[in-house]
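J.: First the structure, then my questions, so here it is.
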Amino acid sequence: MIYISILDFFLLFDRPWMIRTIIAASLLGIIGGIIGCYIILNKMIFLGEAIAHSAFAGAALGMLLGINPIIFIFIFSETSAISVGYVNQKKIMHEDIVIGIIFSAMMGLGIIILSFMDEFSASVSSILFGAILLISDVQLITMIITGVIVLLIILFLRKEYKFIVFDREMANVSGLPVKKLDYLFLLLLGAIITISLNAIGAILVFAMFIIPAAAAYMWTFNFKKMLILSCIIGVLSGFFGIMISYLFILPGGPSIVSIASIIFLISYFLSPKRRSQAVSPLECRYCNIEELEEIVDHALGIDVPHVHTDDHRKIILKVNPKKMPSDHIWRGHKSIEEVDKKKRKKTRNKI
Amino acid sequence: MSKYTVPYSCIEGSMICINGVTVTYRDVVALWQINLDIIKGEYIGIAGPNGSGKTTLLKAILGLVEPIEGQISIYGQPISYKKRTSNEILKKIAYVPQVHQIDSFFPASVEDVVLMGRYGLAGLGKRLNKEDYDFTRRELETIGMWEQKDRPIGHLSGGQQQKVLIARALVREPEILLLDEPTSNLDFKITKEIFDLITNLHKTRDLTVVSINHNLKFLRQNVNRLVILNKAILYEGDPNAPQVDKIIQYTFFS
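Read top to bottom, the protein sequences are chains A and B.
Numbering-wise (our numbering), the first sequence opens with residue 1 and increments by one.
Numbering-wise (our numbering), the second sequence opens with residue 352 and increments by one.
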């Protein structure tokens, strides 16, 4: 068992590398959290992964040629981001197919380039798996500058992006330059992946865009709250990931991603949204098999989304009736409490 | 103009003038030589089988689809397709799309969705002001859903979602309202409610309404002019004229 006193814990923050690492992790948490919300709602989950793998191929090429890899990483990520955007806008094929092709082709290319190198150096592993604990001053400053610019642009255009993820067609109809905004988003994503590659690594980097946002998605129906919550979850996973990585001598990137995944699992099980969607069967005295669904709607006197079992003997509500407005009246239906009581009695009898 | 073009000129003072419009998707003809005049304050119903080019016609009016031939002008100004977003005239048009499944987890309330209607008018990166919220309140009250403004959009029934989408179109303060099958997938009662709502808006606000609908019974009861479309216009005129039944029979059932 590793033991660390409170004093030791505070002494950690005296070390400059630790401060750098924590700043980098928190920054990635914030940016990943915000961009992730748009990625999740836009259902472009694997886009980040495809860009990251292209960045890996770029990094490998840079190392082979002995040039600063960040230039190649940048060029490769932006090129792949724009190609996905182009194919998507021309509607040549479904975006997932393009993402899949770029994702695997670039990984293949990266590995071929690596095979030309004499030895599998530490820098290759840092590109693949990340080395957040070894981040340098220059890398951190590049990260902060790029991160803040990207963040400001995204927050400046947040209402436009929100409209696009909700209803792309209508955003276009109402006069927003949807195509340009799409390309801008892809470029920003490429830039963010470029700077975070050193910290988290090509394989896991997109987890930082997906998991905190997915966890936040489980908690709220409010977009602003989702953005804030996603940032908080990102920062928390960054901070605790670093701590765990330091205490247990584990790799940094994977530790952060593991903490984020644990937070996601907790969010999933405690999610008020998921529970509000829980199926609650109600017996319906008024619905006959012949009757149509609209009559059932009328009999309920409500507009709750519901489906019938095949024999129309039961209604399955898609929302939790306990959360219905107080003025709502149940006509001819047993309340959920009554059904619960019945169930309890039955189980008691069985015991 | 090709040799098939029939010379056509719009009535003076018409609001939307569709003049010899032909639209193709690659090699497939979607619309063929459409000539149509829409006068201010008219309620036009468009009916036609699936794939007859109804939605394409609305998209062409919105400037989303560029005709290979012909021209559409609104208030005498031709629509520019290249620089669509800078078209001032398009701010006067509102569009209600077909009902589609909204993700029941989507983090947006009813009010958020209606506010989105103002985003295009506010300008890039600009925040919404009090006026935008006032319009939202007014339109939510019009559709009778102000009390439910904080409910998540995914929790509403199909009919309510459609009403919210109509409110989102209305907050743009449009002069022209285009509706693309606003009542598809909805039951009889809700369909009637939505038709009543639109007819009421048309009368009270002097809106010009162009509505695509498959519900011919309601359409013929409510509209001023019926257009039956199947790539080309098969009928245009009084919805209750004696020959309409025959044309419907021919278009839909033969």
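Quick reminder that beta carbons are idealized off the backbone N, C-alpha and C, glycines included.
In this text, all values refer to a predicted model and were calculated from it rather than measured experimentally.
Assuming T407 of chain B and L382 of chain B are in contact, meaning their beta carbons sit under 8 Å apart, how far apart are those beta carbons, in whole angstroms?
T.: Locating residue 407 of chain B in the second sequence gives position 56, where the first residue counts as 1. Locating residue 382 of chain B in the second sequence gives position 31, where the first residue counts as 1. Indeed, because the Cβ distance is near 6 Å, the residues count as touching under 8 Å.
J.: Evaluate the contact criterion for the segment 439–457 of chain B versus the segment 388–403 of chain B: three or more CB pairs, one atom per stretch, below 8 Å.
T.: No contact exists between the segment 439–457 of chain B and the segment 388–403 of chain B.
J.: Rounded to whole angstroms, what is the Cα-Cα separation between M366 of chain B and K443 of chain B?
T.: Along the second sequence, one-based indexing puts residue 366 of chain B at 15. Along the second sequence, one-based indexing puts residue 443 of chain B at 92. Going by the C-alpha atoms only, they are around 11 Å apart.
J.: What did DSSP end up calling N370 of chain B once you bin it into helix, strand or coil?
T.: Here residue 370 of chain B refers to the residue found at position 19 of the second sequence. Strand, per DSSP.
J.: Taking only three categories from DSSP, how would you classify V235 of chain A?
T.: By one-based count along the first sequence, residue 235 of chain A stands at place 235. Looking at V235 of chain A - three-state DSSP - the assignment turns out to be helix.
J.: How big is the Cα-Cα spacing for G238 of chain A and I259 of chain A?
T.: Position 238 of the first sequence holds residue 238 of chain A. Position 259 of the first sequence holds residue 259 of chain A. Going from the Cα of G238 of chain A to the Cα of I259 of chain A covers about 8 Å.
J.: Between C361 of chain B and N370 of chain B, what straight-line distance do the alpha-carbon atoms span, to the nearest angstrom?
T.: Stepping through the second sequence from its first residue, residue 361 of chain B is reached at position 10. Stepping through the second sequence from its first residue, residue 370 of chain B is reached at position 19. Whole-angstrom Cα-Cα distance: 7 Å.
J.: Between which two residues does the beta strand (DSSP E) carrying T542 of chain B extend?
T.: Within the second sequence, the letter at position 191 stands for residue 542 of chain B. Here T542 of chain B belongs to no beta strand (DSSP E); instead the alpha helix (DSSP H) covers 539–556.
J.: In terms of residue numbering, what span does the beta strand (DSSP E) encompassing V379 of chain B cover?
T.: Indexing the second sequence from 1 puts residue 379 of chain B at position 28. 379–389 is the span of the beta strand (DSSP E), which, as asked, contains V379 of chain B.
J.: Whose Cβ in chain B lies nearer than 8 Å to the Cβ of E169 of chain A?
T.: Walking along the first sequence from the start, residue 169 of chain A turns up at place 169. Ordered by position in chain B, the residues that pass the 8 Å Cβ test against E169 of chain A are P448.
J.: Nearest by alpha-carbon distance to I232 of chain A: which of A:A214, A:L247, A:S54, A:L41 is it?
T.: As a working note, residue 232 of chain A is residue 232 in the first sequence. Nearest option by C-alpha distance: A:A214.
J.: Residues of chain B with CB under 7 Å from F221 of chain A, in chain order?
T.: Here residue 221 of chain A corresponds to residue number 221 of the first sequence, with the count starting at 1. Chain B residues near F221 of chain A: P458, S460, P503.
J.: Alpha carbon to alpha carbon, how far is L577 of chain B from T559 of chain B? Give it in angstroms, no decimals.
T.: Numbered from its first residue, the second sequence carries residue 559 of chain B at position 208. Numbered from its first residue, the second sequence carries residue 577 of chain B at position 226. Those two C-alpha atoms are separated by around 14 Å.
J.: According to DSSP, what are the bridge partners of G588 of chain B?
T.: In the second sequence, residue 588 of chain B corresponds to position 237, counting from 1. Paired residue(s): B:L577.
J.: Report the three-state DSSP secondary structure of L415 of chain B (helix, strand or coil).
T.: For this step, residue 415 of chain B is matched to residue 64 along the second sequence. DSSP places L415 of chain B in coil when its eight states are reduced to three.
J.: Provide the residue span of the alpha helix (DSSP H) that contains D182 of chain A, from first to last.
T.: Looking up residue 182 of chain A in the first sequence gives position 182. Residues 178–200.
J.: Closest Cβ-Cβ distance between G234 of chain A and chain B: below 8 Å?
T.: Position 234 of the first sequence, counted from the start, is the residue given in the question as residue 234 of chain A. False, the Cβ-Cβ gap to chain B never drops below 8 Å.
J.: Under a three-way DSSP split, which group does A398 of chain B fall into?
T.: The count along the second sequence starts at 1 and reaches residue 398 of chain B at position 47. In this structure, A398 of chain B counts as strand in the three-state DSSP scheme.
J.: Can you tell which of A:G241, A:N222, A:A216 has the C-alpha that lies nearest to the C-alpha of S267 of chain A?
T.: Counted from its first residue, the first sequence places residue 267 of chain A at position 267. Ranking A:G241, A:N222, A:A216 by Cα distance to S267 of chain A puts A:A216 first.
J.: Which residues in chain A sit within 9 Å of G468 of chain B, going by Cβ to Cβ distance?
T.: On the second sequence, position 117 is the one that residue 468 of chain B refers to. Residues of chain A passing the Cβ test: M170, S174.
J.: Per DSSP, V447 of chain B forms a beta bridge with which residues?
T.: On the second sequence, residue 447 of chain B is found 96 positions in, with the first residue counted as 1. In DSSP, V447 of chain B forms a bridge with B:L530.
J.: Three-state secondary structure (DSSP) at G376 of chain A?
T.: Residue 376 of chain A lies beyond the stretch modelled for chain A, which goes from 1 to 351, so this question has no answer here.
J.: Using the Cα positions of V561 of chain B and Q572 of chain B, report the straight-line distance between them to the nearest angstrom.
T.: Residue numbering aside, residue 561 of chain B sits at position 210 when the second sequence is read from its first letter. Residue numbering aside, residue 572 of chain B sits at position 221 when the second sequence is read from its first letter. The alpha-carbon atoms of V561 of chain B and Q572 of chain B are separated by roughly 15 Å.
J.: Give me the Cα-Cα distance between S508 of chain B and D531 of chain B, rounded to the nearest whole angstrom.
T.: Here residue 508 of chain B corresponds to residue number 157 of the second sequence, with the count starting at 1. Here residue 531 of chain B corresponds to residue number 180 of the second sequence, with the count starting at 1. Going by the C-alpha atoms only, they are around 19 Å apart.
J.: On the DSSP letters alone, give me the boundaries of the beta strand (DSSP E) that I425 of chain B sits inside.
T.: In the second sequence, the residue the question calls residue 425 of chain B occupies position 74. From DSSP, the beta strand (DSSP E) with I425 of chain B extends over 420–425.
J.: Classify M117 of chain A: buried if its beta carbon has 16 or more other beta carbons within 10 angstroms, exposed otherwise.
T.: Stepping through the first sequence from its first residue, residue 117 of chain A is reached at position 117. Under this definition M117 of chain A is an exposed residue.
J.: List, in chain order, every chain A residue whose beta-carbon is nearer than 9 Å to that of D463 of chain B.
T.: Within the second sequence, the letter at position 112 stands for residue 463 of chain B. Within 9 Å Cβ-Cβ: K162, F166, N222, F223.
J.: I want to verify the contact list: residues of chain B whose CB lies under 8 Å from the CB of K91 of chain A, in sequence order.
T.: Against the first sequence, residue 91 of chain A aligns to sequence position 91. Residues of chain B passing the Cβ test: none, with the nearest at roughly 11 Å.
J.: Output needed in chain order: residues of the segment 379–409 of chain B with a Cβ under 7 Å from some Cβ in chain A.
T.: Here the close residues number zero.
J.: Assess contact between the segment 60–69 of chain A and the segment 8–21 of chain A, defined as three or more Cβ pairs (one per stretch) separated by less than 8 Å. Is contact present?
T.: They do not touch, by the three-pair rule.
J.: Give me the chain A residues within the contact set of K443 of chain B, using Cβ-Cβ distance strictly less than 7 Å, ordered along the chain.
T.: Mapped onto the second sequence, residue 443 of chain B falls at position 92. The contacting residues do not exist; K443 of chain B stays about 11 Å from chain A at best.
J.: Is W17 of chain A buried or exposed, if buried means 16 or more other CB atoms sit within 10 Å of its CB?
T.: Counted from its first residue, the first sequence places residue 17 of chain A at position 17. Burial call: exposed.
J.: Please state whether the Cβ-Cβ distance between G85 of chain A and D182 of chain A is less than 8 Å.
T.: Locating residue 85 of chain A in the first sequence gives position 85, where the first residue counts as 1. Locating residue 182 of chain A in the first sequence gives position 182, where the first residue counts as 1. Yes. Within cutoff.
J.: Where do the N-terminal and C-terminal ends of the beta strand (DSSP E) with S261 of chain A fall, by residue?
T.: Residue 261 of chain A sits at position 261 when you count from the first residue of the first sequence. Unbroken run through S261 of chain A is the alpha helix (DSSP H), 252–270; no beta strand (DSSP E).
J.: Taking the C-alpha atoms as reference points, what is the distance between I249 of chain A and H506 of chain B?
T.: One-based indexing of the first sequence puts residue 249 of chain A at position 249. One-based indexing of the second sequence puts residue 506 of chain B at position 155. Answer to the nearest angstrom: the Cα atoms are 47 Å apart.
J.: Just to check, is the beta-carbon of Q513 of chain B closer than 7 Å to a non-hydrogen atom of the ligand SAH?
T.: Absence of the ligand SAH is noted for the structure shown, with no ligands found whatsoever.
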